[in-house]
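Residue numbers (the working numbering), protein chains in the order written: chain A, -13 to 213; chain B, 15 to 153.
Here a beta-carbon is modelled for each residue, glycine too, at the ideal position from N, C-alpha and C.
Take a look at the structure below.
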């Protein structure tokens, strides 16, 4: 009876026999995982916002993040280095979309090429972050240590550095996992795993994760460096 | 499965064209954000700073929309899937409003009822000069 109605009315999504969301199970679960991850990052960033709103003073990000690699000490270049990091992540997101798109076309060579570019972008971002952390650490900033003053010249608490290192660290760990996942995808593509399966759906799931990492950076970048 | 369903939505050329269009939009939004960020460095009026910060936040949400909608392909999924993702995220409206309000309220209450703490946060320190003095004594 139910099979009769399903064949008679294929638009009935909840009639059974097919995914009511019109996506593969794993992809749906990746969406739900990313949603929960969004709440984790959201909780971190909102906690940061709450503490910042409850403080009488806060360091000026343009004074803290003003350095640039290989530039002479004392150079004043706020926002420059972090905008490079932002563009690296946006471009690696674009190459990931292109890899997913090539996967839909069953174009193995294009998948490999774009995955390699995405991995390189991820490694470049991680290197930038490693430099920035090393530089801030050399200036005396770490969890529990804040050498910077508030924007109005008053003593600053360690809340600023604690939140900065925790949230960018958690994001950096996501970037690192994304790079590892993409390397696994690259190896599986080179081994013709997806070619044998007849689809590149796994690349789409890895792509969702990678875009989420880019999405979180949009928020981290705005909350810590811009405002 | 979804492969065939998506093939119906748009053909090859238009999909690639859409990727590059969204890339351009994201780059322009980022550049505008950076211009506002550089501009804000020279603005000291608190009201004007707040307005610029608000504009940056709106641009940030626009960027998030383009990444989720086009790069993560959510805009081209069916309505059921979009709703199961977006509706729970509406919780953030309460989450952000309540907690930022709470933080601000805590600051005001503490400043009113804990004058010692308030005085402590108003003392100016000259950290750079201290460091210089220490260096000269060491030498």
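| Query | Result |
| --- | --- |
| Starting from the Cα of residue -1 (chain A), find the closest Cα among B:95, B:133, B:107, B:128 and give me that residue. | B:95 |
| Whole angstroms is fine: what's the gap from residue 90 (chain B)'s alpha carbon to residue 22 (chain A)'s? | 22 Å |
| Counting pairs of Cβ atoms below 8 Å between the segment 122 to 132 of chain A and the segment 121 to 128 of chain B, do you hit three or more? | no |
| In chain A, what lies closer than 7 Å to residue 102 (chain B) by C-beta? | 21 |
| Please give me, in chain order, every unbroken run of the alpha helix (DSSP H) with length at least 4 that falls completely inside the segment 41 to 117 of chain B. | 60 to 80, 93 to 103 |
| Beta carbon of residue 37 (chain B), beta carbon of residue 80 (chain A): below 8 Å? | yes |
| Tell me which residues share the same chain as residue 211 (chain A) and place their Cβ nearer than 7 Å to its Cβ, disregarding the 5 neighbours each side in the sequence. | 47, 51, 65, 68 |
| Taking buried to mean at least 16 other C-beta atoms within 10 Å of its own C-beta, is residue 136 (chain A) buried or exposed? | buried |
| With a cut-off of 8 Å, does the C-beta of residue 105 (chain A) fall near any C-beta of chain B? | no |
| Please name the residues in the segment 38 to 49 of chain A whose beta-carbon is closer than 8 Å to at least one beta-carbon of chain B, in chain order. | 38, 39, 40, 41, 42, 43, 48 |
| Run through DSSP, which three-state label would residue 154 (chain A) get? | helix |
| At a CB-CB cut-off below 7 Å, which residues of chain A make contact with residue 67 (chain B)? | 213 |
| Taking all protein chains shown into account, decide if residue 85 (chain A) is buried (16 or more other Cβ within 10 angstroms of its Cβ) or exposed. | buried |
| Mind checking the segment 82 to 109 of chain B against chain A and listing, in chain order, the residues whose C-beta falls within less than 9 Å of any C-beta there? | 82, 84, 85, 86, 87, 88, 91, 92, 94, 95, 98, 99, 102, 103, 105, 106, 109 |
| According to DSSP, which residues form a beta bridge with residue 31 (chain B)? | BP columns for residue 31 (chain B) are empty, so no partner. |
| Residue 78 (chain B) touches chain A at which residues, Cβ-Cβ below 8 Å? | 201, 204, 205 |
| Using a Cβ cut-off of 9 Å, pull out every chain A residue sitting near residue 38 (chain B), in sequence order please. | What residue 38 (chain B) touches in chain A: nothing, since even the nearest Cβ is about 10 Å away. |
| So, under 8 Å CB-CB, residue 53 (chain B) and residue 70 (chain B) are touching, yes? Tell me the CB distance rounded to an integer number of Å. | With 8 Å as the limit, residue 53 (chain B) and residue 70 (chain B) do not qualify as a contact, their Cβ atoms being about 10 Å apart. |
| So which of A:193, A:207, A:202 has the shortest CA-CA distance to residue 90 (chain A)? | A:193 |
| Would you decide whether residue 100 (chain A) is buried or exposed? Buried here means 16 or more other CB atoms lie within 10 Å of its CB. | buried |
| If you run the structure through DSSP and keep just helix, strand and coil, what is residue 121 (chain B)? | helix |
| Check the Cβ of residue 17 (chain A) against every Cβ in chain B and list those closer than 7 Å, keeping chain order. | 99 |
| Closest by CA to residue 75 (chain A), which one among A:44, A:177, A:161? | A:161 |
| Between A:149, A:40, A:197, which has its C-alpha nearest residue 163 (chain A)'s C-alpha? | A:197 |
| Just how far apart, CA to CA, sit residue 105 (chain A) and residue 60 (chain B)? | 42 Å |
| By a C-beta neighbour count over all protein chains shown, 10 Å radius and 16 as the cutoff for buried, is residue 188 (chain A) buried or exposed? | buried |
| So with Cβ pairs under 8 Å, would you call residue 156 (chain B) a contact of chain A? | As displayed, chain B neither begins before 15 nor continues past 153, which places residue 156 (chain B) out of reach and without an answer. |
| Rounding to the nearest angstrom, what Cα-Cα distance links residue 108 (chain A) and residue 31 (chain B) in this structure? | 24 Å |
| Give a yes or no on whether the minimum CB-CB distance between residue 83 (chain A) and chain B is below 8 Å. | yes |
| Kindly indicate if chain A contains any beta-carbon less than 8 Å away from that of residue 41 (chain B). | yes |
| Out of A:203, A:94, A:205, which one is the CA nearest neighbour of residue 177 (chain A)? | A:94 |
| Cα separation between residue 49 (chain B) and residue 59 (chain A)? | 25 Å |
| For residue 120 (chain B) versus residue 142 (chain A), is the C-beta spacing smaller than 8 Å? | no |
| Roughly how many angstroms separate the alpha carbons of residue 135 (chain B) and residue 122 (chain B), rounded to a whole number? | 13 Å |
| With distances taken from CA atoms, which of A:144, A:83, A:156, A:96 is nearest residue 115 (chain A)? | A:156 |
| If we cut at 8 Å on Cβ distances, does residue 117 (chain B) have a partner in chain A? | yes |
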